[in-house]
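In the UniProt record's numbering, the protein residues as written are 1 to 74.
Have a look at this one:
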């Protein structure tokens, strides 16, 4: 089901929506965290969020799939 949704995003929507949705799904990040993400927060195997919803910084460890996807965005 999710695959169909993302295929539709890719075909009929702008690529930004696809990228935001895909990164959010791969990392469990909130939409607002993905939208405000800066390149310097992305490390080799994790993302360092400085202003998380809790107000405390947090690290999001990346799966191999997430690392590969992020590499295509750079």
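Ideal placement from N, C-alpha and C gives every residue a C-beta, glycine not left out.
query, result
"Rounded to a whole number of angstroms, what is the C-alpha to C-alpha distance between residue 68 and residue 27?", "12 Å"
"How would you write the range of the beta strand (DSSP E) that residue 79 sits in, first residue to last?", "Any question about residue 79 goes unanswered here, given that the chain covers just 1 to 74."
"Please report the distance separating the alpha-carbon of residue 16 from that of residue 30.", "15 Å"
"Residue range of the beta strand (DSSP E) that residue 48 falls in?", "46 to 49"
"Do residue 62 and residue 45 count as a contact pair if the criterion is CB distance below 7 Å?", "yes"
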